[in-house]
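Visitor: Right, I'll just put the structure down here and ask away after.
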Amino acid sequence: MQDYLKTVFKTIRTYGLVEEGDRIFVAISGGKDSFCCLYALKKYVEENSLDVDLRAFHISLGLKNAETIKRIVEKQCEFLDIELVVCNVKDYGIDLEELRRKNRPVCSACGVVKRYLMNKVPRELGANKVATGHHMDDFIVFFFKNFLGKNFSWIRKFTPLVKSEHPKLLTKIRPLFHVGGKENEKFFSRFNLPKASPELCPFFSLRSKLYEKTLKWYEMLYEIEKWSRGFRRQMISSIEKFVVEMKESGKENGAKQKFIECKLCGELTSSQDGVCGFCKLKRL
Ligand code: SF4
Ligand code: ZN
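So this is what it looks like as structure tokens:
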């Protein structure tokens, strides 16, 4: 437990993820990773006696089992004595069931909605940073997938700290950048708390193939780790170095997104027609 926290605290310190006066919203899904992220941030703030406003933020999709997931999230937050902010996508005019009935790709819509609300709602409530439970294994798998797909526009995002580039965009922090899924699982298991599994979403079957593939990637990482100890740590540290070198050489400048404000809602978009993905979904 101490080793785990030591690793996470080192990431927080090295990258200056938490600073005096911060107002951080931690995106929490009910899963183990986001709980670990919230736990570690709370401990860090307490141990360093920082004046930081830390809140949990949950996006409820308003689907079957949403209440079950919300109760799990509430239990986790009660355990940590952290204020929880819940936002329901239906209150923002999005009905995923309706989109499904219209044969729209509901999981990609879900991604658009979550990304949009995860920036807009905390910002409007005074946050300056949003934290997520993405971990080392996630980043290594993203790296392989994007590298194989020759998609290099992601480069700047493979870091524990993605600084805001616009007043309407929150800084993103990933305190779990140097710990993996297994470490989170082990850490989480000590608390005897409930957790939400991805299968609780009624649309999980639409995503199950992709989910299985991702699990296979994770298995591969752990398989390599069996005969090459420290493989994941080496990999993530090489990715970090690669990102820094790309930034220093200016080669990642072309990957910078150019933002404009959405004609309908005023949030940021890089869409050519000036209407953000969220507003397009609302119009469907
Ligand atoms: Fe969203 Fe996942 Fe459910 Fe798809 S399966 S709607 S991505 S929560
Ligand atoms: Zn919009």
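Residue numbers for the sequence shown follow this note's numbering, so the first one is 209 and each next one is one higher. For every residue, glycine included, the Cβ atom is placed at its ideal position computed from N, Cα and C.
Since threonine 379 and lysine 337 are thought to touch, with beta carbons under 8 Å apart, how far apart are those beta carbons, to the nearest angstrom?
Guide: 5 Å
Visitor: Going straight from the alpha carbon of phenylalanine 360 to that of isoleucine 447, what length do you get?
Guide: 13 Å
Visitor: Please indicate yes or no: does the CB of cysteine 318 lie closer than 8 Å to some heavy atom of the ligand SF4?
Guide: Checking the Cβ of cysteine 318 against the ligand SF4 gives yes.
Visitor: Quick one, which of Asp303, Gly301, Ala274 has its alpha-carbon nearest valine 294's?
Guide: Relative to the Cα of valine 294, the nearest Cα in the group Asp303, Gly301, Ala274 belongs to Ala274.
Visitor: For arginine 263, which beta-bridge partners are listed by DSSP?
Guide: Phe233
Visitor: Tell me, which residues are paired with alanine 339 by DSSP?
Guide: Val234, Ile381
Visitor: Assign isoleucine 220 to one of three DSSP states: helix, strand, or coil.
Guide: helix
Visitor: Which partner residues does valine 452 have in the DSSP bridge list?
Guide: None; valine 452 has no bridge partner.
Visitor: Straight-line CA distance for glutamine 210 to valine 483?
Guide: 47 Å
Visitor: What is the DSSP secondary structure of leucine 476, counted as helix, strand or coil?
Guide: strand
Visitor: Could you work out which residue in Ser405, Ile363, Pro406 is closest to phenylalanine 452 when comparing CA atoms only?
Guide: In the sequence as presented, phenylalanine is not what sits at residue 452; that position holds valine. The shortest Cα separation from valine 452 among Ser405, Ile363, Pro406 belongs to Ile363.
Visitor: For lysine 358, count neighbouring Cβ atoms within 10 angstroms of its own Cβ and tell me buried if that reaches 16, exposed if not.
Guide: exposed
Visitor: Quick check on the burial criterion: 16 or more other C-beta atoms within 10 angstroms. Buried or exposed for glutamate 475?
Guide: buried
Visitor: Is the beta carbon of methionine 536 less than 9 Å from the beta carbon of phenylalanine 265?
Guide: This structure leaves residue 536 out entirely; the chain is present only between 209 and 492.
Visitor: Taking the alpha carbon of isoleucine 381 as the reference point, which residue from Glu227, Leu213, Tyr212, Lys214 has its own alpha carbon closest?
Guide: Glu227
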